[in-house]
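> Structure provided below as structure tokens; questions to follow.
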Amino acid sequence: MAKTAPQKKKGVTSVHSRAAKRASSPGIDLDKSLKDLKPPPATKNQRASVLAIHQGAGISKKSKNGRKSVLSAKAKRRQEKGLDRAEAVIDKKEIKIEKSKDRARTVQERAKNWEELNKKMLAEKAREEALALEKEKENEEWQDAEEMEEVDEVKRAPTPENIAMEDVETAKSIPLPAGEDEDEIL
């Protein structure tokens, strides 16, 4: 393997090259004295004329003088056609603007209708919830009443003692047929 010659260190060839700029730019930690500097005090004697708007400011078109200021017949016709086209475009644009405004109005009206509909739906939903709560309360009352009746029926349910008492009472209340004595029944 052949050895190549070591590269030569080139000096900065151009003052405006990136390498020259990089070499001349100060580093971050280079100068701390810049932090302590304050801007120069504001001077009160500024010339207002420099900042003021003067007559020649802006873009202005030079006016034609003399013979060139008068248009030829063809140029007049071209200008009139251009004005007519401009009027037609303006009319079309006005029509489009009116249609657009009408569409915007209809959209806003629909939005209002939706808002009203949403309010109605919320009110109806709240009403349905209130009715559902009332029905639940009524059902609870009915269930409570049914439970009370069941408890009463259970209390009235015939037990062996109650049955014997009822039979004696019914036997006493039934009249015997005529001509029969009580002794024969036993």
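Residue numbers (our numbering): 24 to 209. Note that beta-carbon positions come from the ideal geometry of N, C-alpha and C, so glycine has one too. Fair warning: this is a prediction, and the values are worked out from it, not measured in the lab.
From ALA42 to GLN30, what does the alpha carbon distance come to, in whole angstroms?
The residue you call residue 42 lines up with position 19 of the sequence shown. The residue you call residue 30 lines up with position 7 of the sequence shown. Spanning the two alpha carbons is a distance of roughly 17 Å.
> Taking only beta-carbon positions, decide if GLU139 is within less than 8 Å of chain D.
No chain D is present in this structure, which holds just one protein chain.
> DSSP three-state label for ILE82, please.
Translated into positions along the sequence shown, residue 82 becomes position 59. Coil.
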